[in-house]
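**Q** Each residue of the sequence shown is one higher than the last, beginning at 1 in UniProt numbering.
First, the structure itself, so that you have it in front of you.
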Amino acid sequence: MSLADAAAVPSNGAGWLWDELGLDVRLRTDVVGGGLDAMVGLALRRNPRRAHLLVSRVLGKHLPVRPARSVSAGHLLAAQVRADQRATGGDRVTVAPLVLGYCETATSLGHTVADGLDDCDYLHTTRRAVPGATTLLDFDEAHSHATFHWLMPGDPELVRAPRPLVLVDDELSTGRTALGTIRALHAFAPRPSYTVATLFDARPAPARRAFDELADRLGVPVRVVSLLAGEVTVPDDVTARAERIRARYGSSPTQSPTAPAPVRFVTPDWPEELPDGARHGWSRSDRALLAEVAPLVAKDVAAALNRPSDRVLVLGTEELMYTPLRIGDALDQIIPGEVVYHSTTRSPVHPIDADGYAIRCARTFPAPDDPGRVSQVYNVRPGLYDDIVVVVDSAANGRAVAGAARVSAAGAADVSGMVGALRRCAPVTVVTIPARGPAGRPLTLSADSTGGAR
């Protein structure tokens, strides 16, 4: 499936929220050609740092997408990186770049960009405290609901090596996080160039100039590539406008009276040497091995489905997005039904059940890897899907392998809250893959190590 198919997404009256918030958008670049509505929706945050959220229609985080479309978005963004390298003479550089993705939203996007660049390593930031892992660098994201990022490469040389860096995020609003990351990384290990790759570059002119100024100060190229670029003008009173909208609409109900559906558990064969993701690094060989494993896991999942000929949702869990995406893509190729994909998230968004609003409903539950905080999934409700497949890692499923209602020790990893919320919407299949710490060691999160907030 081509990413251009996203151009067929209707606006469904989405303009009302842009108008009421007073947001003005002027597009400069549209690689896909479908316009703003094809790429992003709009919702209100539950975050005092920023009133609104641009919700990607192709990322597969908050909104469901066909898996192939999400993969295509990353590959097309990688093509923009390559085109930029050719245009600036960077194609003569023989050293493959390091690709770095931001948690949690862009972990999978970074993977697919790295896939499209082929012979390169990938690493994403994390907010999970990992026993036995060393934090090589940390930095802050000023406007986020959870501001800290940690870099925990299994091999520090992954970050120390003086090679080009490609930073991947789903959108750039001010660009401050990317600028801070580049400054921190350049102070740690200078490198010849930086490219920021994003689905939507919404920086205003002063923010774009800040990138040029940083490039001059460091003496190396700092470039930005995107699939969609424009300027979003935000009025000074946007927070007050958002409050008035929230007061008028309230919140969509998060609970439903439907009886709980059955739950099945699948623990597929998984190679010892294959990580669950790129928290500690991801190589070309990891990429090739997952390409072999994902179709086998998909067969196990297909056998567990309640109604494989109907609509199936595959859910990632917070930072664990790419492996579920690949399993979902493989599943989509072997069952007659329609498979869509997205993920649970830490991100607090205000749901409103109104046409044109991106986040229509929310289901909230204790985070599996840290039941002391809240996680959520959006736009999942009874009757929408015939099966839900949720993919977790073993560190997040340490206390709930025997059944969805099992009660865990306080603070210990536990999927039961999440599964309990999902099974009110459809039969649930829980797929557990091994969590790997640094150097491929099996990972278990104890009550003392869950969390990650500083």
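We put the CB at the ideal spot given by N, CA and C, even for glycine.
Here the structure is a predicted model, which means the values were calculated and not measured.
In terms of DSSP beta bridges, what is L53 paired with?
**A** Bridge partners of L53: A43.
**Q** Distance check for E338 and P427, CA to CA, integer angstroms please.
**A** Their Cα atoms are separated by approximately 16 Å.
**Q** Just grab the DSSP bridge partners of V65 for me.
**A** DSSP, once it has assigned bridges, lists Y341 as partnering V65.
**Q** At which residues does the beta strand (DSSP E) containing E104 begin and terminate?
**A** Premise fails: E104 is in no beta strand (DSSP E) and is neither H nor E.
**Q** Go ahead and label I334 buried or exposed: buried means 16 or more other beta carbons lie within 10 angstroms of its beta carbon, across all protein chains shown.
**A** Result: exposed.
**Q** Under the rule that 16 or more other beta-carbon atoms within 10 Å means buried, what is E292, buried or exposed?
**A** Counting Cβ neighbours within 10 Å, E292 comes out exposed, since fewer than 16 surround it.
**Q** Quick one: using the 10 Å Cβ neighbour count with 16 as the cut-off for buried, is E171 buried or exposed?
**A** It is buried - the Cβ of E171 has at least 16 other Cβ atoms within 10 Å.
**Q** Below 8 Å on the Cβ atoms is my contact criterion, and I expect S394 with T432 to pass it. Report the Cβ-Cβ distance as a whole number of Å.
**A** 6 Å between Cβ atoms; contact.
**Q** Once you ignore the five residues that flank D119 on each side, which residues in its own chain have a CB closer than 8 Å to its CB?
**A** Correct list, in chain order: A96 and R284.
**Q** Tell me the DSSP secondary structure of P336 in three-state form.
**A** P336: coil per DSSP, three-state reduction.
**Q** So, helix, strand or coil for A354, using DSSP?
**A** If DSSP states are grouped into helix, strand and coil, A354 belongs with coil.
**Q** Can you tell me whether D369 is helix, strand or coil according to DSSP?
**A** Looking at D369 - three-state DSSP - the assignment turns out to be coil, as it is neither helix nor strand.
**Q** Is DSSP giving S193 helix, strand or coil here?
**A** Coil at S193, not helix or strand.
**Q** Using beta-carbon positions only, say whether L136 and V159 come within less than 8 Å of one another.
**A** Against a cut-off of 8 Å, the Cβ pair of V159 and L136 comes out as a contact.
**Q** Taking E231 as part of the beta strand (DSSP E), name the residues at either end of that continuous run.
**A** Segment V222 to T233, the beta strand (DSSP E) holding E231.
**Q** Between which two residues does the alpha helix (DSSP H) holding Y249 run?
**A** Its alpha helix (DSSP H) spans residues V238 to Y249.
**Q** Buried or exposed, going by whether 16 or more other CB atoms sit within 10 Å of the CB of A435?
**A** Looking at its Cβ environment, which holds 16 or more other Cβ atoms inside 10 Å, A435 is buried.
**Q** Would you call the CB atoms of A215 and V222 closer than 8 Å?
**A** Contact: yes.
**Q** How many whole angstroms separate the CB atoms of G356 and L17, which I take to be in contact at a CB cut-off of 8 Å?
**A** Confirmed, Cβ separation roughly 6 Å.
**Q** For A202, tell me which candidate among P382, R424, W150 and L36 has the shortest Cα-Cα distance.
**A** The candidate whose alpha carbon is nearest that of A202 is L36.
**Q** To which residues does DSSP link E213 through a beta bridge?
**A** Note: E213 sits in no beta bridge, so no partner.
**Q** Which same chain residues, not among the five before or five after R373, have their C-beta less than 6 Å away from its C-beta?
**A** Around R373: A367.
**Q** Whose C-alpha, out of L42, C103 and L422, is nearest the C-alpha of P262?
**A** Cα-wise, what sits closest to P262 is L422.
**Q** From the DSSP output, which residues share a beta bridge with L313?
**A** Partner(s): V340 and I388.
**Q** Return helix, strand or coil for W270, following the three-state DSSP convention.
**A** If DSSP states are grouped into helix, strand and coil, W270 belongs with coil.
**Q** Can you check whether the CB of D387 is closer than 8 Å to the CB of V312?
**A** Closer than 8 Å, so yes.
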